[in-house]
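In the numbering used here, the protein residues as written are 1 to 77.
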């Protein structure tokens with residue numbers, strides 16, 4: 001019997017991109033932008049929560065949304 005690797009552990013293949021972390025959909029239902037108080041869009045590829053109204057993208061690190069405006073990326077255009 002072999003042990004199963006946890007989902008957040010990658011194998012030794014350097015050519016394989018790491019699997020993006022998943023965020024609980026229930027969390028997305030209750031989180032809002034701390035500045036605009038509007039709903040957020042989940043960008044799975046970039047691992048960000050996007051506020052179109054505030055024009056900010058909040059990072060998700062290790063599955064945890066960082067809802068600090070100082071940590072957010074300003075959206076272009």
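Glycine included, C-beta positions come from ideal geometry on N, C-alpha and C.
Extent of the continuous beta strand (DSSP E) to which residue 56 belongs
56 to 61
Bounding residues of the alpha helix (DSSP H) (the contiguous stretch that carries residue 29):
25 to 30
Straight-line gap, residue 79 to residue 50 (C-alpha atoms, nearest Å)
As displayed, the chain neither begins before 1 nor continues past 77, which places residue 79 out of reach and without an answer.
Own chain, CB closer than 7 Å to residue 74, minus 5 neighbours either side, in chain order
55, 56
By Cβ distance below 7 Å, which residues in the same chain neighbour residue 53 in space, the five residues on each side in sequence not counted?
33, 36, 38
My guess is that residue 40 and residue 27 are in contact by the Cβ rule of under 8 Å, so how many angstroms apart are they, rounded?
Not confirmed; about 10 Å, so no contact.
Take the Cβ of residue 64 as the centre, count every other Cβ of all protein chains shown within 10 Å, and call the residue buried at 16 or more, exposed below.
exposed
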